[in-house]
Amino acid sequence: MSRIKFTRKWLAFPYAVFMILFVIIPLVLILTYAFTDAEGNFTFNNLLTFFGNGSSINTILVSFIIGVANTAICLLIGYPVAYFLAHRDLKMPAVMMLLFIMPMWINFVLRTAASRDLLFWIGINGGEYPYLATMIGMVYNYLPFVILPLYTTMTKLDYSQIEAASDLGARPRQTFTKVILPMTAPGIVSAATMVFMPTMSSFVISDVMGERKLSLIGNSIQLYFDQGLWHMGSIVAVVMLLLIAVGMFATKNVQKEDDVRGTML
Amino acid sequence: MKKRLLALLLLSVLVLGCFSACGTEEERVLRVYNWQDYIDEGDDETASVLEDWAADYYARTGIKVRVQYDTFETNETMLNTLKTGKSQYDLVCPSDYVIQKMISATENGTDENLALEKFDYSKLENYNNYVSPYIKQVFEENGFDGYAVGYMWGTVGIIYNPEYVDEEDTKSWEIMWNPKYKNRITLKDSVRDAYIPAMSKVYREKVLALDGLNLSEEEYRKQLGDLMNSTASEDIAAAGDALKSMKDNIYGLEVDSGKTDIVAGKIYINQAWSGDAAYAIYEAEETAGVQLNFSVPEDGGSVWFDGWVMPKGADTELAHDFVNYLCAPEIAVRNMDYIGYTSIVAGDEIFDYVLDCYADEEGEYTVDLTYYFDGTLSEDYYSEDGKILVQTGEIGRMFSAQYPEESVAKRGFIMRDFGAKNEEVLTMWAGFKSNNIAPEILVAIFAVIILGAAAVLLWFTKPKRDSARRRKEWLAKQK
Numbered sequence: 131m132s133r134i135k136f137t138r139k140w141l142a143f144p145y146a147v148f149m150i151l152f153v154i155i156p157l158v159l160i161l162t163y164a165f166t167d168a169e170g171n172f173t174f175n176n177l178l179t180f181f182g183n184g185s186s187i188n189t190i191l192v193s194f195i196i197g198v199a200n201t202a203i204c205l206l207i208g209y210p211v212a213y214f215l216a217h218r219d220l221k222m223p224a225v226m227m228l229l230f231i232m233p234m235w236i237n238f239v240l241r242t243a244a245s246r247d248l249l250f251w252i253g254i255n256g257g258e259y260p261y262l263a264t265m266i267g268m269v270y271n272y273l274p275f276v277i278l279p280l281y282t283t284m285t286k287l288d289y290s291q292i293e294a295a296s297d298l299g300a301r302p303r304q305t306f307t308k309v310i311l312p313m314t315a316p317g318i319v320s321a322a323t324m325v326f327m328p329t330m331s332s333f334v335i336s337d338v339m340g341e342r343k344l345s346l347i348g349n350s351i352q353l354y355f356d357q358g359l360w361h362m363g364s365i366v367a368v369v370m371l372l373l374i375a376v377g378m379f380a381t382k383n384v385q386k387e388d389d390v391r392g393t394m395l
Numbered sequence: 012m013k014k015r016l017l018a019l020l021l022l023s024v025l026v027l028g029c030f031s032a033c034g035t036e037e038e039r040v041l042r043v044y045n046w047q048d049y050i051d052e053g054d055d056e057t058a059s060v061l062e063d064w065a066a067d068y069y070a071r072t073g074i075k076v077r078v079q080y081d082t083f084e085t086n087e088t089m090l091n092t093l094k095t096g097k098s099q100y101d102l103v104c105p106s107d108y109v110i111q112k113m114i115s116a117t118e119n120g121t122d123e124n125l126a127l128e129k130f131d132y133s134k135l136e137n138y139n140n141y142v143s144p145y146i147k148q149v150f151e152e153n154g155f156d157g158y159a160v161g162y163m164w165g166t167v168g169i170i171y172n173p174e175y176v177d178e179e180d181t182k183s184w185e186i187m188w189n190p191k192y193k194n195r196i197t198l199k200d201s202v203r204d205a206y207i208p209a210m211s212k213v214y215r216e217k218v219l220a221l222d223g224l225n226l227s228e229e230e231y232r233k234q235l236g237d238l239m240n241s242t243a244s245e246d247i248a249a250a251g252d253a254l255k256s257m258k259d260n261i262y263g264l265e266v267d268s269g270k271t272d273i274v275a276g277k278i279y280i281n282q283a284w285s286g287d288a289a290y291a292i293y294e295a296e297e298t299a300g301v302q303l304n305f306s307v308p309e310d311g312g313s314v315w316f317d318g319w320v321m322p323k324g325a326d327t328e329l330a331h332d333f334v335n336y337l338c339a340p341e342i343a344v345r346n347m348d349y350i351g352y353t354s355i356v357a358g359d360e361i362f363d364y365v366l367d368c369y370a371d372e373e374g375e376y377t378v379d380l381t382y383y384f385d386g387t388l389s390e391d392y393y394s395e396d397g398k399i400l401v402q403t404g405e406i407g408r409m410f411s412a413q414y415p416e417e418s419v420a421k422r423g424f425i426m427r428d429f430g431a432k433n434e435e436v437l438t439m440w441a442g443f444k445s446n447n448i449a450p451e452i453l454v455a456i457f458a459v460i461i462l463g464a465a466a467v468l469l470w471f472t473k474p475k476r477d478s479a480r481r482r483k484e485w486l487a488k489q490k
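Taken in sequence, the protein lines are chains A and B.
At position 9 of the first sequence the residue is numbered 139 (the numbering used here), and the sequence of numbers has no breaks.
At position 56 of the second sequence the residue is numbered 67 (the numbering used here), and the sequence of numbers has no breaks.
What follows is the structure, encoded as structure tokens:
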């Protein structure tokens, strides 16, 4: 009689159950809903309605643009901050880091509602400037997600290589583009993925900051599901899934190459 | 190991056994599905209406009952729950158009999960005696009779700050497009509520012309309802255009923030349901010392209801008893006082409550609520059935939000279910909610981003190819 042996792989069992229940089954459900009609017949009609509709394309383009803009602004602000935080001469790095991460500890809804009032107070009200207010809210909310991975990569920076670069005659700009940037590329990519995708699908920030005057993919999914149009909502979710998959695929290649470059240099 | 497992099994059997044994005493359950914060839930000292009903039922019949009380936040959430067919309720409290949807599902047999049981009004003594004649009439006109018993009702109008807003302007939905109040107006983020000002704009002339036709009240309401509820494709498109032209003039859309924003002075005009208006007016005065008013525009004033229905398979006996209990004026007063909305019930206790809140013997303005209270007050209760003397200042404020004057109430039409046109209306709504940016500009920005990304990728990959090439050349030279 063979007894079931408790091996290490059994430790993964809880997660496997979790994954089947909350990842695989919902994914299959979304796909089924996306390609069926109310009677349960297979159809491409949802997809055709989606792309035949000016407002859906508008929503996707605006989401994409806001996603890219938010990623770019967060990187521009977060990159120097992370470099500064990770610098070995910095006193009390843990405290400084805490100051940048602390906003994440405050409840997200509260934080967004507070920034809405703050912006109104300084004159940037979401009613008149829905896009500007939304961008500010996005950057504010996602900045910590950029700083964290960049900080992790930068603490591993080999400073002797930076010194070597300047010793061998590289100008500061060259040192940055040829040494520091390639070495931190994996951090940049993971920071970008952590910001870009959630930005496109977020709906609370755009609702609160933009006074519901603009609509991102997340908002349109919410609209359809709220109204019980599950098939239309699912097709939007599938389109977003595809967009994210394309994004992942593109960044995956970059990351690989840069990893290689990073270790080679 | 095995022993421990066995012990655990035994223990669980024991515990389960106890649970089932403890529950053997006969107890009936009434399953109620209601809006959040929509019934007197009591507090530390007082019992909730639910507990009181259970006690009352036990006293009358000797049968123990328990209420299983679940709540929802939107009609659509509730519908989705029912559509799954997984949960059976005895009583649900949807809004007017959902009741309509459910009645049509029952009569056409389109969705058995939404099908309803019929009420037997002879078992609803309190309903027959105390529900306002006005409400009964509107129920009959709209075909809700038989399937639904009302609960709360009100109007859809606008809350405004009289310090900044001209009262004359609030008599028309045109105010939503008025540039005088640019960026000081909020619209409800709900297609059904936004449809009212939109259709009013589309059909303003026809709506106003109805006044000159000398129609009976009933006929007026029907014709107004037909105009405002039109879902002909060209009307939906016209409503969409009307809303789009409103978008730049309003501050934004809201579901809940409007109340606080108008109290804080961020906005001056807020499309609102009368119950929320009463609350906002009270809050503004108590907390900020700001005066707010409520007005139902004359070119399309809508009336709404929430009512009890019994889904198929409900325990109709308990449901009838509970609904009848809710229709007792003394219970209706408790619910009104707790949630701030207006009950469909009239009667002595309700009239007393209204007098308590608003009447003033030295007032100089008489509000005639006979249309609402007629026939429900006990004889000789008040010499003048339903007439209330109030200060002029009360008009257009909380009182008007809770009990509109006859001139407003008799013009009230009901927003119907969009029915088969639902998806078309929602597509229009999604179009309105999407972004006001020209497609050419969007595509241009998109192209710039893609080109930029391509440039960055090239820049990253080029040096590598260079060095590989140089390395190859160098190796070739070495040979």
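A virtual CB, placed ideally from N, CA and C, is assigned to each residue, including glycine.
From the beta carbon of residue i, is the nearest beta carbon of chain B less than 9 Å away?
| i | result |
| --- | --- |
| GLU169(A) | no |
| PRO156(A) | no |
| ILE187(A) | yes |
| ASN175(A) | no |
| VAL198(A) | yes |
| PRO260(A) | yes |
| TYR209(A) | no |
| VAL192(A) | yes |
| ASP389(A) | Residue confidence is low: ASP389(A) scores 48 on pLDDT, short of 50, so the model does not pin down where it sits. Its coordinate-derived value is still stated next. Not an interface residue. |
| TYR354(A) | yes |
Could you confirm whether any beta carbon from chain A is found closer than 9 Å to the beta carbon of residue i?
| i | result |
| --- | --- |
| LEU486(B) | no |
| TYR262(B) | yes |
| ASP180(B) | no |
| THR82(B) | no |
| SER98(B) | no |
| THR298(B) | no |
| LYS432(B) | no |
| ASN124(B) | no |
| LYS277(B) | yes |
| ALA441(B) | yes |
Report the three-state DSSP secondary structure of residue i (helix, strand or coil).
| i | result |
| --- | --- |
| ALA283(B) | strand |
| PRO322(B) | strand |
| ARG391(A) | The predicted model places ARG391(A) with a pLDDT of 40, which falls under 50 and marks its position as unreliable, so this point remains unresolved. |
| GLN79(B) | strand |
| PHE355(A) | helix |
| SER354(B) | strand |
| ASP222(B) | helix |
| GLY263(B) | strand |
| PHE130(B) | coil |
| PHE429(B) | coil |
| PHE136(A) | coil |
Leaving out five residues on either side along the sequence, give the residues of the same chain with a beta carbon under 6 Å from the beta carbon of residue i.
| i | result |
| --- | --- |
| HIS331(B) | LYS134 |
| SER183(B) | PRO308 and ASP310 |
Can you name the start and end residues of the beta strand (DSSP E) that residue i belongs to?
| i | result |
| --- | --- |
| TRP46(B) | 39 to 46 |
| TRP164(B) | 160 to 171 |
| VAL378(B) | 376 to 379 |
| LEU198(B) | 196 to 199 |
Under the DSSP definition of a beta bridge, which residues are partnered with residue i?
| i | result |
| --- | --- |
| ILE448(B) | ILE448(B) pairs with nothing; no bridge assigned. |
| GLU240(B) | Reading the sequence as shown, one finds Asn at residue 240(B) and not Glu. Looking at the DSSP assignment, ASN240(B) forms no beta bridge with any residue, so it has no partner. |
| ASN304(B) | TYR171(B) |
| PHE172(A) | THR166(A) |
| LYS399(B) | Note that residue 399(B) corresponds to Ile in the displayed sequence, not to Lys. The partner list for ILE399(B) (beta bridge, DSSP) reads VAL378(B). |
| TRP64(B) | Answer is none; TRP64(B) lacks a bridge partner. |
| ASP317(B) | SER106(B) and MET163(B) |
Mind checking which residues open and close the alpha helix (DSSP H) that includes residue i?
| i | result |
| --- | --- |
| LYS270(B) | 268 to 275 |
| THR329(A) | 311 to 331 |
| PHE4(B) | No statement about residue 4(B) is possible, as the shown extent of chain B runs from 12 to 490 and does not include it. |
| TRP251(A) | 238 to 251 |
Using a Cβ-Cβ cut-off of 7 Å (strictly less than) and excluding sequence neighbours within five positions of residue i, which residues of its own chain qualify?
| i | result |
| --- | --- |
| TYR352(B) | MET163, GLY165 and GLY286 |
| ALA370(B) | ILE399, LEU400 and VAL401 |
Which residues in chain D sit within 8 Å of residue i, going by Cβ to Cβ distance?
| i | result |
| --- | --- |
| ILE195(A) | Looking at the structure shown, chain D is missing, and the protein chains on hand are A and B. |
Give me, in chain order, the residues of the same chain whose beta-carbon lies closer than 8 Å to that of residue i; leave out the 5 immediate sequence neighbours on both sides.
| i | result |
| --- | --- |
| TRP46(B) | THR82, PHE83, GLU84, CYS104 and ASP317 |
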